[in-house]
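Chains as they are written, first to last, in this note's numbering: chain A, 1 to 408; chain B, 409 to 707; chain C, 708 to 984.
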Amino acid sequence: MRPGRKLSAAALVALLALSSACASEDGGVTDTGTLRWAMWSGSSAETETWKRIGALAADSGTALELQTTSFNDYWTKTAAQASTGQTACLIGVQSLRVPLISSLLRPLDADLARAGIDAADFDPSIWKSLRVGGDQLAVPYDYGPQVVLYNATRFRELGVPLPKPGWTVADFEAAAKALTRDGRWGFAANPVIDGVIPWSLSLQGVNPIGEGGKVDLTQPGFVATMRWYVDLIGKQRVAPPVQATSDMTPGISGLISGSVAMTVDGPWQLVNVMDQADFEVGVAPLPAGKAGSRSQVAGSGFGISRTCKDPEAALRALAAITGPRAAKMMAENGRAYPARTAQQDAWFSPELTAARPGLQAAISAAVPARSAASYSTLDQLFRQYGVPVMNGQEDVSGFLESVQQQVN
Amino acid sequence: MSMTTIRVPKPRGDGRAALGFLAPSTAGFLLFTLIPLAGSVIISMFAWPVLGNREFVGLENFTDLVTSPIFGRVVLNTVVFVVLYVPANLVVSLGLAVWISTRIRWRGLYRLLFFLPAVTPLISVALVWRLLFQPGGLLDETFRGLFGVAAPNVLGDTRWAMAALIVMSVWQGFGYNMLVFSAGLNAIPDSIKEAAHIDGAGPLRRFWSVTLPMLSPSMFFAMIMTLITAFQVFVQPYVLTAGGPGAATETLVLHLYRRGFEQFDLGVAAAIGWILFMIIMTVTAVQFVGQKRWVHYDG
Amino acid sequence: MTAERSHRSWRIVSQVLLTIVLVMFLVPFAWMIATALKPPDEVFGSASPIGSEVRWSNFAEAWNYLPFAKFLLNTFTVAVIGTVIVCLTSLLAAYAFARLRFRGRGALFLVYLATLMLPQEVTVVPMFILMQQLGWVDSYTALVLPWAFTAFGTFLLRQFMLSVPRELEEAARIDGAGRVRILFQVILPVARPAVAVLAVFTFITYWNSFLWPLIIVNDQNLATVPLGLNLFLSQQGNQWHLLMAASAISMVPTVLLVILLQRHLVRGIALSGLGGR
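1. Please list the partners that glycine 195(A) has in chain B, where partner means a Cβ-to-Cβ separation under 8 Å.
2. Under a three-way DSSP split, which group does tryptophan 185(A) fall into?
3. Pull up the CB-CB distance for threonine 550(B) and leucine 660(B), whole angstroms please, since I reckon it's below 8 Å.
4. Please list, in chain order, the chain B residues whose beta carbon lies closer than 9 Å to that of glutamine 393(A).
5. Drop a sphere of 10 angstroms on the beta-carbon of tyrosine 584(B), count the other beta-carbons inside from all chains shown, and report buried for 16 or more, exposed for fewer.
6. Can you tell which of Ile252(A), Met262(A), Phe71(A) and Leu100(A) has its C-alpha closest to the C-alpha of alanine 178(A)?
7. Closer than 8 Å by C-beta to arginine 462(B): which residues in its own chain qualify, once you throw out the five before and the five after it? Chain order, please.
8. Going by DSSP in three states, glutamate 463(B) sits in which element: helix, strand or coil?
9. For glycine 282(A), tell me which candidate among Gly195(A), Met329(A) and Gln269(A) has the shortest Cα-Cα distance.
10. Count the other CB atoms, across all protein chains shown, that sit within 10 Å of the CB of tyrosine 705(B); report buried if there are 16 or more and exposed otherwise.
11. Could you name the residues of the same chain whose beta carbon sits closer than 7 Å to that of tyrosine 819(C), not counting the 5 residues immediately before and after it, in chain order?
12. Just to confirm, is the Cβ distance from leucine 662(B) to isoleucine 680(B) under 8 Å?
13. Rounded to whole angstroms, what is the Cα-Cα separation between glutamine 969(C) and glycine 516(B)?
14. Should the segment 287 to 294 of chain A be regarded as contacting the segment 362 to 372 of chain A, the criterion being three or more beta carbon pairs within less than 8 Å?
15. Step through the CB atoms of chain A and report whether any lies within less than 8 Å of the CB of alanine 650(B).
16. If we ignore side chains and look at the alpha-carbon of each, how far apart do leucine 430(B) and arginine 865(C) end up?
17. Cα separation between leucine 807(C) and leucine 635(B)?
18. Does chain C have any CB closer than 8 Å to the CB of alanine 609(B)?
19. Determine whether the beta carbon atoms of serine 200(A) and phenylalanine 172(A) lie at a separation below 8 Å.
20. If you compare alpha carbons, which of Val396(A), Gln406(A), Phe382(A) and Ser305(A) is closest to serine 103(A)?
21. Can you list, in chain order, the residues of its chain whose CB lies under 8 Å from that of tyrosine 847(C), leaving out five sequence neighbours each side?
22. For a cutoff of 8 Å on Cβ pairs, would you count alanine 604(B) as touching chain C?
23. Counting along the chain, where does the beta strand (DSSP E) carrying glutamate 65(A) start and finish?
24. Closer than 7 Å: is that where the CB of leucine 780(C) sits relative to any heavy atom of the ligand COA?
25. With 8 Å as the limit, tell me which residues of the segment 234 to 250 of chain A have their beta carbon closer than that to any beta carbon of chain B; keep them in chain order.
26. To the nearest angstrom, report how far apart phenylalanine 541(B) and leucine 648(B) are at their CA atoms.
27. Below 7 Å between beta carbons is the criterion; list the residues of the segment 912 to 927 of chain C that meet it against any residue of chain A, in chain order.
28. Can you give me the start and stop residues for the beta strand (DSSP E) that threonine 263(A) sits inside?
29. Along chain C, in chain order, which residues have C-beta atoms closer than 7 Å to that of glycine 28(A)?
30. Using DSSP bridges, identify the partner residues of valine 487(B).
31. How is methionine 951(C) classed by DSSP in three states: helix, strand or coil?
32. Go through its chain and collect everything with a Cβ distance to glycine 116(A)'s Cβ below 7 Å, but skip five positions before and after it.
33. Verify the CB distance criterion: does valine 93(A) have a CB-CB separation below 8 Å to chain B?
34. Leaving out five residues before and five after alanine 244(A) in sequence, what residues of the same chain have Cβ atoms less than 6 Å from its Cβ?
35. At a Cβ threshold of 8 Å, is asparagine 497(B) touching chain A?
36. Just checking: is the beta-carbon of glycine 398(A) within a distance shorter than 8 Å of some beta-carbon in chain C?
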């Protein structure tokens, strides 16, 4: 009987020890005084870059502990951590998704000058896109317009002229057609809202997301764009039928695997593509439609959480990880096209010099991307319910109406 | 099941020793099963966001769910999955178990290989199948090679996606039941088989009137467990189709995950959990009532 | 004579047919390995299992792309600790239910039984909130403990212990052995097959668990193997050759376990009534 009692006592002690071992709300600071820093990352290489950037903050006197998840999970995980009082001190944020977590972020306007951060050093469009309700919530590190990324090797193989600044939608359609053969396709048309908006801007001059973040998917211009986009698969047959997938960037996956020759995404993808693909990658602005060659600029930055226990240290760290040295480092690693204008040239490493005209043309023709509080929902609904529409099983206008109802 | 084996406890006894032996298990059981179970009833009656204030809403979470068209579709999807998956699983696992138990060499090896997917992480399995089903994947290329046309776009077509999910799930899931049936077959005394043989019964007849009844307890057990796990299907649609195309493969648990942990509406998620539990309990109860007709426990 | 011969040829036909079924059945695994060895741009668009080169380096690349060794270590830690706790607590509780007399035994056991079929999803939300309250979000503790006290293990081992003859114990008692010693020195050796089955299936369940880690782990450093595969999947650009290599790696431990224990598998299942999971 004695051993029995001993066991039960031991079990109780163990349970109590476990439950008391928890420090529930730490204000984003670890026991050793290190500030926690939350960021998304897609690979070890990317994480390594962030760690090196984090070391810059350590040089300035604030040690950072980096936590990463994939971009896809980052937004839900950040909310989950906030609910347990575990929000990190420094938080990565993408311009299109600022409204999602704006309640977690501390307005920075009063502190920027003290930290030596000057808005004039940054590209104005990305600087502005990190403002919500008149407050600057984050300092940008990178930005870029949506561009056409293409498999230049495939173009050459089939003798198709390479896209260059000034090309038109007719050129695009002809190229896509010529590139579609032997079970491979010209273009990847996926139900991803980020990828449709630039087409809508170029073809019709309409943005489905209005000035104040109001979503209007049923306006005639956007409906017409969607019809054209869907027809790339069903009528023109230059893009493969799409599938239901949890892949966040099916277009990039298709490009890397060689199954499609062109896709629309941001320059931040270029390095991943070059790293993973066995062909030469090219960059071109969106082809010009009725409304010209237009694109939208999105980017990312870092903010400080409202719950951070040591905002002064966080501010110093923020200045370091968004500072000129950090920007240069990110650019040289190819992780980001810097938001700091003075460091942008560092991005065009020898392999990327070919991308320069395409990217610069795209930047000059781009407008800041508009965000909406419901952007995440819109994105998810588009991906999930857009699949049968893209494949011609469901009607475009019915789809847009039903999504419209759910996002406003 | 075997409540009859519990003896009436006598007041005199080993109370203190029992306390010691039970403490670790029961403490954990209380903290991690009973308290959360009670908690989930309470949570399901709240609007419980992950950030911000929670608010008592009574049965609103349930009524909202029941009246929403998406949720109706989700329940229907789950039921369709269960209705097709469970019989397919049982037929395949029983068929293979019986086949292997005939005079086949290296039985252990066959069983082991057929069992492999059951112990492979589901996510790995779902990934391979996604690769197979993708345009330009093995299925598509085989179609092109054999018939000169592309295979149906399985994961992009609302008519095919559920079928793909079921095929993959059966491939992955029948291994356990196959082993359960193998064990059941091994337990049939040779004397009975021989008796039937001497009576001149043919193989089919022997299967129907000897093997099947003798296996019925295993079948009952396998059916209950398979039903329960089938209602809980999550990883397959999460990885293979993300619930799409449209809502074609959105199942109850996937919906629970989305509502609770992507949209952070924990009250609604708890309510979905309870609805799932009630469905499972009802179906299981019906099975237990119905078993008397076909399950033979006498040997 | 002819009957016997036809019987024999029938057996050969049956064996050949079964082998064909098996080979078709194994195609997804074969394709997994084949893809894992292909160059990235040859993953799609060909039904040929062999690419232009056989790239063993894909495995090394997959291993390094994400901290896969870390994921394996995490999963291993969680699965081993979980399995030990499940076996130990189940063993103790099962002994109490099978052998000790105390007030409320029937009622308590009934409560255990009633939750036997409780799906994890019913308690997943309160469990998440409980973890928040305890501050266990993002910890090994949260990965292990919540699912380490299931009624199942207790039920399984109790059923087995009931079939162990009491005489074995009586002899030890006369020698003056205490309860704990009896359990570990007399009952455990006899019950080893049942405990082994419980251990194997608990290990596999922990190893393959996906929903709970997905919910409770925010920090990549704590990710388990299935979660790591999901990370792999959701990051920029699907690299199917690496995904397949990683998938192949992920199944090694459980497959090894099953191969090692294959002799006991059918017997263990027969004796435990485990299945359908």
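C-beta: ideal position from N, C-alpha, C; glycine also.
Predicted, not measured: the structure shown is a model, and the values here were computed from it.
If we stick to the structure as given:
1. Per Cβ cutoff of 8 Å: no residues; glycine 195(A) is ~17 Å from chain B at best.
2. strand
3. So it is not a contact: roughly 34 Å between Cβ atoms.
4. Gly564, Asp565, Thr566, Arg567, Pro653 and Gly654
5. buried
6. Met262(A)
7. Phe454, Ala455, Trp456 and Gly675
8. strand
9. Gln269(A)
10. exposed
11. Ala858, Thr861 and Phe862
12. no
13. 8 Å
14. yes
15. yes
16. 12 Å
17. 35 Å
18. no
19. no
20. Ser305(A)
21. Asn781, Thr784, Val785, Ile788 and Leu929
22. no
23. 64 to 69
24. The model depicted lacks the ligand COA and carries no ligand whatsoever.
25. Pro240, Pro241, Val242, Gln243, Ala244, Thr245 and Ser246
26. 9 Å
27. Asn925, Asp926 and Gln927
28. 260 to 265
29. Neighbours of glycine 28(A) on chain C: none; closest Cβ ~13 Å, over 7 Å.
30. DSSP lists no partner for valine 487(B).
31. helix
32. Ala319
33. no
34. Val387
35. no
36. no
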